[in-house]
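Peer 1:
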Amino acid sequence: MRGPGIASGVRRDMRELIGIHARLGQASSDDEREDILVELQGLRGRSAVVSILCAIADIHRAYPILLPLLAAGLALKYLF
115 MRGPGIASGV RRDMRELIGI HARLGQASSD DEREDILVEL QGLRGRSAVV SILCAIADIH
175 RAYPILLPLL AAGLALKYLF
């Protein structure tokens, strides 16, 4: 009998990430936001997929034009 596998772990992590994001949007105080961000850091350290997604979000936050340019470049590469 096989275990749950990678896909179910990724789905679980993504559900948890979505829940954290929703709670972060509803947080009313700075202390509550700080607690949620600490929880996000724990998830980020535990899951490689979440870590990669957070890294992409960090890059996008720092350089907002970079991801659309990359997407356009990839689209042009595969179109021509």
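Count along the sequence shown from 1, add 114, and you get the number used in the numbering used here.
A virtual CB, placed ideally from N, CA and C, is assigned to each residue, including glycine.
Considering only residues of the same chain and omitting the five flanking positions on each side of A141, which have a CB-CB separation below 7 Å?
Peer 2: Here residue 141 is taken as the residue at index 27 of the sequence shown, counted from 1. If we look at A141 and ignore the five residues flanking it on each side, its Cβ neighbours are R147, I150.
Peer 1: If we ignore side chains and look at the alpha-carbon of each, how far apart do A136 and K191 end up?
Peer 2: Within the sequence shown, the letter at position 22 stands for residue 136. Within the sequence shown, the letter at position 77 stands for residue 191. C-alpha separation (whole angstroms): 36 Å.
Peer 1: Throw me the rounded Cβ distance for the V163 and L157 pair, which I believe falls under 8 Å.
Peer 2: As a first step, residue 163 is located in the sequence shown; it is residue number 49 there, counting from the start. As a first step, residue 157 is located in the sequence shown; it is residue number 43 there, counting from the start. Not really, about 10 Å apart at Cβ, beyond 8 Å.
Peer 1: What does the alpha-carbon distance come out to for the pair C168 and Y177?
Peer 2: The sequence position of residue 168 within the sequence shown is 54, counting from 1. The sequence position of residue 177 within the sequence shown is 63, counting from 1. C168 and Y177: Cα-Cα distance of roughly 14 Å.
Peer 1: Hey, could you find the ends of the alpha helix (DSSP H) S165 is sitting in?
Peer 2: Along the sequence shown, one-based indexing puts residue 165 at 51. Here the alpha helix (DSSP H) through S165 covers 162-176.
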